[in-house]
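Student:
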Amino acid sequence: MFSFTNIKDYQENLHQGKVLCETAVRYYLDRITENNQLNAFVEVFGSECIERAKQLDNKRANGVQLGKLYGVVVAIKDVICFEGHKITAASAILGDFQSLFNATAVQSLLDEDAIIIGNCNCDEFAMGSTNENTIYGRVKNALDESKVPGGSSGGSAVAVQAGMCMVSLGSDTGGSVRQPADFCGIVGLKPSYGTVSRHGLIAYASSFDQIGIFSKNVEDAALVLEIISGKDKADSTVRQVDSKRFQIDGNGKPYRIAYLQNALEHPSLDMEIRDSINSLTEKLNADGHWVGPVAFDLIDYIVPAYYILTTAEASSNLSRYDGIRYGKRHTGDGAGLREFYKKTRSKGFGKEVKRRIMLGTFVLSEGYYDAYFTKAQQVRQLLAERSREIFKDFDAIILPTVPSTAMDAGDMKDPIAIYLADIYTVFANLTGLPAISLPLFKHPNGMPFGVQVVTKKYDEATLLNISAMLMDLYKK
Ligand code: GLN
94 MFSFTNIKDY QENLHQGKVL CETAVRYYLD RITENNQLNA FVEVFGSECI
144 ERAKQLDNKR ANGVQLGKLY GVVVAIKDVI CFEGHKITAA SAILGDFQSL
194 FNATAVQSLL DEDAIIIGNC NCDEFAMGST NENTIYGRVK NALDESKVPG
244 GSSGGSAVAV QAGMCMVSLG SDTGGSVRQP ADFCGIVGLK PSYGTVSRHG
294 LIAYASSFDQ IGIFSKNVED AALVLEIISG KDKADSTVRQ VDSKRFQIDG
344 NGKPYRIAYL QNALEHPSLD MEIRDSINSL TEKLNADGHW VGPVAFDLID
394 YIVPAYYILT TAEASSNLSR YDGIRYGKRH TGDGAGLREF YKKTRSKGFG
444 KEVKRRIMLG TFVLSEGYYD AYFTKAQQVR QLLAERSREI FKDFDAIILP
494 TVPSTAMDAG DMKDPIAIYL ADIYTVFANL TGLPAISLPL FKHPNGMPFG
544 VQVVTKKYDE ATLLNISAML MDLYKK
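According to my numbering, the residues represented by the sequence shown are 94 to 569, in order.
#1: On a Cα-Cα basis, can you pick out the residue from 291, 355 and 340 that is closest to residue 331?
#2: Going by the beta-carbon positions, is the gap between residue 370 and residue 493 smaller than 7 Å?
#3: Please check the pair residue 260 and residue 167, which I expect to be a contact at CB under 8 Å, by giving their CB distance rounded to whole angstroms.
#4: Locate the beta strand (DSSP E) running through residue 352, then write down its first and last residues.
#5: Would you call the segment 397 to 405 and the segment 363 to 383 in contact, with 3 or more CB pairs under 8 Å?
#6: Excluding the five sequence neighbours on either side, which residues of its own chain have a C-beta within less than 6 Å of the C-beta of residue 281, listed in chain order?
#7: Taking residue 476 as the reference, give the member of 487, 446, 522 and 257 with the closest Cα.
#8: Restricting to runs no shorter than 3 residues, where is the beta strand (DSSP E) found entirely within the segment 137 to 209?
#9: Hey, which unbroken runs of the beta strand (DSSP E) at 3 residues or more fall wholly within the segment 279 to 341?
#10: Between which two residues does the beta strand (DSSP E) holding residue 530 run?
#11: Quick one, which of 220, 563, 228 and 256 has its alpha-carbon nearest residue 243's?
#12: Can you determine whether any heavy atom of the ligand GLN sits closer than 6 Å to the C-beta of residue 196, and answer yes or no?
#13: To which residues of the same chain is residue 177 closer than 8 Å at the C-beta, ignoring the five residues directly before and after it?
#14: Since residue 453 sits in a beta bridge, which residues does DSSP pair it with?
#15: Are residue 160 and residue 205 close, meaning C-beta to C-beta below 7 Å?
#16: What is the C-beta distance between residue 38 and residue 130, in whole angstroms, given that I count them as a contact (C-beta under 8 Å)?
#17: Thinking just about the alpha-carbon of each residue, which of 516, 155 and 484 is nearest to the one in residue 556?
#18: Just checking residue 323 against the ligand GLN - is the residue's beta carbon closer than 6 Å to any of the ligand's heavy atoms?
#19: Under the rule that 16 or more other beta-carbon atoms within 10 Å means buried, what is residue 224, buried or exposed?
#20: Could you give the distance in angstroms between the alpha-carbon of residue 413 and the alpha-carbon of residue 195?
#21: Out of 543, 490 and 358, point me to the one whose CA is closest to residue 549's CA.
#22: Verify the contact flag: residue 521, CB atom, against every heavy atom of the ligand GLN, threshold strictly below 6 Å.
#23: Using 6 Å as the cut-off, classify the Cβ of residue 502 as near or not near the heavy atoms of the ligand FAD, replying yes or no.
#24: State yes or no: is the C-beta of residue 265 nearer than 6 Å to some heavy atom of the ligand GLN?
#25: Would the C-beta of residue 530 count as close to the ligand GLN, meaning under 6 Å from any of its heavy atoms?
#26: In the segment 492 to 567, which residue ranges form an unbroken beta strand (DSSP E) of at least 3 residues, counting only runs that do not cross its ends?
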């Protein structure tokens, strides 16, 4: 019987011939079938995967040099291009659109001999927090199917949570990797803005979007990050450096860690979550680290700034889905071009996406631009300055990931209430900092929740080392 603990052990078994890639792929395909009701996948690339697994097994048998992700079974979110495969962003407007090329991250996975098993359900155009805004029907949390898995990368999270793949890719514009990781009890990593190429990622808000990783442990996330990060001619916002090592060295070094007082005192935070983060700070102090409070009075400006800036970018990014350049057409009855656009976009986009396009168009409109967009940019600037100051004295910041545990499906009807629950995740996107959610806790209500760690821009190495240390601390 196949079982998976981490990529390193799995690959050792492959190299020793104790297991075959084909066995692993067949195992995951069975798990996907068994868990069909969770609705995590949009499409599964069954026979294609088995074929690829066989080729990789042959490669090994013939002594051919193998890639670093040899045999690793990966799922990807339905916003990441995989050539020749359907990509819809869970939206009717893309119809049966197929990717014309591979996203750079996908190409890097394939170059290192990973196996892509399928693409995953998500909120439409990555807008949402519950994975209920999707043409494919809601994704269910495997720990309690009446609960949401989080969003927008809910399918990718559940694919890892329920053991339907080894690791998966999502995208994180405002928390869409960290928040579902928190709700599902797994690791969710959002790299710094500019660490991973966005080429081939369907754009929501281009100055925030980043591809992220779901895994069951920190080491696997570090390995996948090493592969998918790095220079790319196709994305000028990627950091142009050659070295991209994210080694976890288990150095046992004491860290200086800040917690944001205003975040922990926020009225929206569940008391149990607050108490757990407080006990974590005590544990860290007792373990020889230095943990201290910092004031962060910008907290209540974060969510409004995020929603103004991201909807503005979305209104521009999504203008390309007009039924001519992209998108499924809905022709009117010869009423002209304007009518054609109106019909195509009215029918093609879901309610939440339309809400954001309209909000974004409004905040960019003449007369309102300075009051909203410019003000929000100023907040973004202040956040960047404040975080730079914090990192003069500290190696990392710890925060809750989400103010509550996973909600009941159908519960979140008020969009403003949903937006406000992004309070702890959007900070890292507004500032471009790397952040991770680690599954350390269980609530008395039975659901898991995580702690979020944030470090300096491009300092994923420290982020991952602190993460490994924290995971160990809770194993003890
Ligand atoms: N909840 C956030 C939103 O709806 C998350 C989006 C994301 O990270 N893609 O905007």
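Beta carbons: idealized from backbone N, C-alpha and C, even for Gly. Fair warning: this is a prediction, and the values are worked out from it, not measured in the lab.
Tutor: So, to answer that:
#1: 291
#2: yes
#3: 6 Å
#4: 349 to 353
#5: no
#6: 270, 271, 274, 307 and 530
#7: 522
#8: 166 to 170
#9: 280 to 283 and 304 to 308
#10: 528 to 535
#11: 220
#12: no
#13: 191 and 192
#14: The partner list for residue 453 (beta bridge, DSSP) is empty, contrary to what the question assumes.
#15: yes
#16: This structure leaves residue 38 out entirely; the chain is present only between 94 and 569.
#17: 484
#18: no
#19: buried
#20: 20 Å
#21: 490
#22: no
#23: What this structure holds is the ligand GLN, not the ligand FAD.
#24: yes
#25: no
#26: 528 to 535 and 541 to 548
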